[in-house]
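In short: position in the sequence shown from 1, add 2, done, that's the numbering used here. Note that the Cβ used here is the ideal one computed from N, Cα and C, for glycine as well.
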Amino acid sequence: MVVATQMSPIRTEKIREIKIPTIDLSDKESKVSKLIVEACEEYGFFKVINHGVPHHIIKTMEDESFDFFHKTLPEKQRVGSANPFGYGNKNIGLSGDTGELEYLLLQTNQKAIDHNSKLISNTPSTFSSIISGYVEAVRGLACEILGLMANGIGVPPSLFVTLLTDHDSDSLFRLNHYPPVTDTSSSSSFHGGNTPIGFGDHSDPQILTLLTSNGVPGLQISLGNGVWVPVNLDPQAFCVIVGDLLQVMTNGRFKSVRHRVMANISSRERRLSMLFFGGPPPQTTITCPPQLLKPNKSPLYKPFTWADYKSHTYAHRLGETRLDHFKLP
Ligand code: GA4
């Protein structure tokens with residue numbers, strides 16, 4: 003059912019309510035792998051509950067994040083401006099994109115965590131162990147989900163899972179803070195619509211993303227053709243977002259879903275989201291393994307390394323469909 007239409011001088015957008023798949027990972031009776039595969043094929047997006055990441059790990063990370071964002075601007079800027087890693091305020095990426103948010107974007111290796119903890123917190127060793135605890139727990143969940151996906155499509159789990167467990171895996175951690183926007187007339191982030199944007203329409207370049215938030219709304223996923231679906235997320239769940247690399251590795255069977263965050267104009271509360279982006283080691287060649295190529299179906303994309311794809315990503319705007327550049331004729 004279409005419940006609202008936002009008039010836009012540039013494109014017609016419809017907001018639709020659908021039931022986003024919610025998968026209970028503790029349900030050993032159900033065909034969890036099959037449900038995950040169906041969700042990746044249809045939406046490139048699903049929620050997981052009973053995922054095994056202890057609530058206190060999520061809550062402590064959330065509290066630490068709010069502590070950081072409550073600091074003064076000069077204190078936050080001590081982390082260094084996001085280039086692309088560090089503290090960002092309304093600027094996204096390196097090509098001039100903007101949104102109504104502030105964020106921390108960090109690499110997940112221990113050296114980077116230790117270095118940044120000294121700049122972020124007054125108690126760096128405590129902060130470092132909180133962030134490492136969170137990242138490792140969520141990486142574990144990402145590996146479990148990748149293993150279930152692999153099972154569901156009939157390839158050995160190690161084919162996917164080792165990409166995130168490798169010592170050089172290139173995963174990122176991001177904290178996004180969307181404060182309430184009270185004066186929309188001062189926003190420069192309309193992106194052609196009537197409502198300011200928190201984080202513009204894009205797909206994630208990595209393999210998969212795990213997102214949790216404090217329950218304040220804003221996230222929407224695209225069904226294509228200008229139809230957007232709001233995602234209501236309770237803080238006990240994770241959203242799983244298929245990234246561009248997984249789309250290539252499954253030869254287009256799984257969809258890397260476009261998503262966006264509307265600016266926080268409807269709530270007085272602050273929206274916080276915490277995202278783990280699972281990426282492989284930079285020199286990994288990304289291609290569809292032969293066992294996943296269906297008979298009579300040729301590869302859709304030419305092989306490329308993750309390092310190549312990242313350079314391409316950072317040389318372009320947020321909203322671009324980057325995989326088009328790697329499509330085979
Ligand atoms: C989208 C997913 C992740 O948040 C991110 C983003 C990155 C950034 O903010 O630095 C990018 C964006 C993301 C895709 C296009 C480029 C790069 C901003 C941007 C304009 C950290 C990532 O890996 O790609």
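According to the DSSP assignment, asparagine 118 belongs to the alpha helix (DSSP H) that extends over 112 to 122. Here isoleucine 94 is buried. Its C-beta has 16 or more other C-beta atoms within 10 Å. Comparing C-alpha distances from isoleucine 209 to each of Phe256, Leu320, Ser83 and His314 shows the shortest one belongs to Phe256. If you draw a straight line from the Cα of glycine 200 to the Cα of glycine 245, it is about 20 Å long. Between the stretch 142 to 152 and the stretch 107 to 125 there are fewer than three inter-stretch CB-CB distances shorter than 8 Å, so the stretches are not counted as touching.
Between the alpha carbons of leucine 148 and threonine 186 lies a distance of about 40 Å.
In the three-state scheme derived from DSSP, where H, G and I count as helix and E and B as strand, arginine 324 is classed as helix. Only residues of its own chain outside the window of five on either side were considered, and among them Gly156 and Val157 have a CB closer than 8 Å to the CB of glutamine 293, listed in chain order. Contact annotation: the stretch 271 to 283 touches the stretch 162 to 172, with at least three C-beta pairs closer than 8 Å.
The residue from Val81, Gly202, Phe175 and Thr24 with its alpha-carbon nearest to that of arginine 260 is Gly202. Take the alpha-carbon of serine 215 and the one of methionine 276: they are about 6 Å apart. In this structure, DSSP gives glutamate 104 an extended state, which the three-state scheme calls strand. As the crow flies, the alpha-carbon of leucine 248 is around 12 Å from that of valine 39. A distance below 7 Å between beta-carbons, with the five flanking residues on each side excluded, links asparagine 52 to the following residues of its chain, in chain order: Asp26, Leu27 and Ser28. Going by beta carbons, phenylalanine 87 and leucine 107 fall inside the 8 Å limit. Nearest in C-alpha terms to tyrosine 105, of all of Phe48, Val34, Pro159 and Leu177, is Leu177. In the DSSP assignment, isoleucine 147 falls within the unbroken alpha helix (DSSP H) covering 126 to 155. Judged by beta-carbon spacing, serine 67 lies beyond the 8 Å limit of leucine 325, meaning their Cβ atoms are not closer than that value. When DSSP states are grouped into helix, strand and coil, threonine 286 belongs to the coil group.
When the beta-carbon positions are compared, alanine 239 and tyrosine 180 stay at least 8 Å from each other.
Judged by their CB atoms, leucine 96 and histidine 204 are not nearer to each other than the 8 Å cut-off.
Judged by DSSP in its simplified three-state form, threonine 24 adopts strand. Valine 163 and proline 305 have their C-alpha atoms some 19 Å from each other. With 16 or more neighbouring CB atoms inside 10 Å of its own CB, serine 224 falls in the buried class. DSSP lists Thr24 and Cys241 as the bridge partner or partners of lysine 49. Residue range 174 to 180 is occupied by the beta strand (DSSP E) that includes leucine 177.
For threonine 74, there is no enclosing alpha helix (DSSP H), as DSSP marks it with neither H nor E. The alpha-carbon separation between proline 159 and proline 182 amounts to approximately 42 Å. Closest by C-alpha distance to methionine 151, out of Lys36, Ser300, Lys21 and Ile288, is Lys36. The three-state secondary structure of histidine 204, taken from DSSP, is strand. For valine 137, the CB contacts under 7 Å within the same chain, skipping 5 residues up- and downstream, are Thr110, Phe175 and Phe278 in chain order.
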